[in-house]
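Undergrad:
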Amino acid sequence: MDFGGSLIYNWVEVTKMGRLNLSELLIPAKERINFEDKIGLVLSGGGARGAYQIGVWKALKDCGIEIGGVYGTSVGALNSMAVAMDKFE
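Quick note, the working numbering runs 8 ahead of the 1-based positions in the sequence shown.
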């Protein structure tokens with residue numbers, strides 16, 4: 009999975025200038041990222057949800073659906089790390 013890195017790069021460049029302007033931070037990143045044909049997977053927190061999230065990810069993978077980015081909170085953040093690394097059995 010390629011998550012780019014454009015947003016992080018822009019954050020570093022903007023903060024080096026000593027000011028933060030969201031238009032300078034986000035617009036250049038959007039211009040460099042191709043959002044077509046990509047699916048983002050958002051995983052929420054909660055123990056029970058965390059238990060089924062990996063099953064959903066495996067089902068998406070078995071169907072050949074490519075995930076362009078994965079994001080989560082709480083247990084969803086832990087699971088998103090496993091999804092991003094493509095290492096969950």
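From the three backbone atoms N, C-alpha and C, an ideal C-beta is built for every residue, glycine too.
In terms of alpha-carbon separation, which member of Gly54, Leu51, Val91 lies closest to glutamate 74?
TA: In the sequence shown, the residue the question calls residue 74 occupies position 66. The option with the nearest alpha carbon to glutamate 74 is Val91.
Undergrad: Buried or exposed: where does glycine 63 fall if 16 or more other Cβ atoms within 10 Å of its Cβ makes it buried?
TA: Numbered from 1 along the sequence shown, position 55 holds the residue referred to as residue 63. Classification for glycine 63: exposed.
Undergrad: Could you have a look at glycine 58 and say whether DSSP puts it in helix, strand or coil?
TA: The sequence position of residue 58 within the sequence shown is 50, counting from 1. Of the three classes helix, strand and coil, the one that applies to glycine 58 here is helix, per DSSP.
Undergrad: Suppose you measure from the CA of glutamine 61 to the CA of glycine 76; what does that come to, to the nearest Å?
TA: As a first step, residue 61 is located in the sequence shown; it is residue number 53 there, counting from the start. As a first step, residue 76 is located in the sequence shown; it is residue number 68 there, counting from the start. Distance between the alpha carbons of glutamine 61 and glycine 76 is about 17 Å.
Undergrad: How would you call valine 78, buried or exposed, if buried means at least 16 neighbouring beta carbons within 10 angstroms?
TA: The count along the sequence shown starts at 1 and reaches residue 78 at position 70. Valine 78 should be labelled buried.
Undergrad: Tell me which same chain residues have a C-beta within less than 8 Å of the C-beta of serine 52, skipping the five on either side of it?
TA: Numbered from its first residue, the sequence shown carries residue 52 at position 44. These residues qualify, in order along the chain: Gly80, Thr81, Ser82, Gly84.
Undergrad: Helix, strand or coil for glycine 63 per DSSP?
TA: If you number the sequence shown from 1, residue 63 lands on position 55. Correct three-state label for glycine 63: helix.
Undergrad: Looking only at its chain, what residues have a beta carbon closer than 7 Å to the beta carbon of aspartate 10, apart from the 5 residues adjacent to it on each side?
TA: The sequence position of residue 10 within the sequence shown is 2, counting from 1. Here aspartate 10 scores only 42 on pLDDT, less than 50, and its place in the model should not be relied on; the value that follows carries that caveat. Excluding residues within five positions, none has a Cβ falling inside 7 Å.
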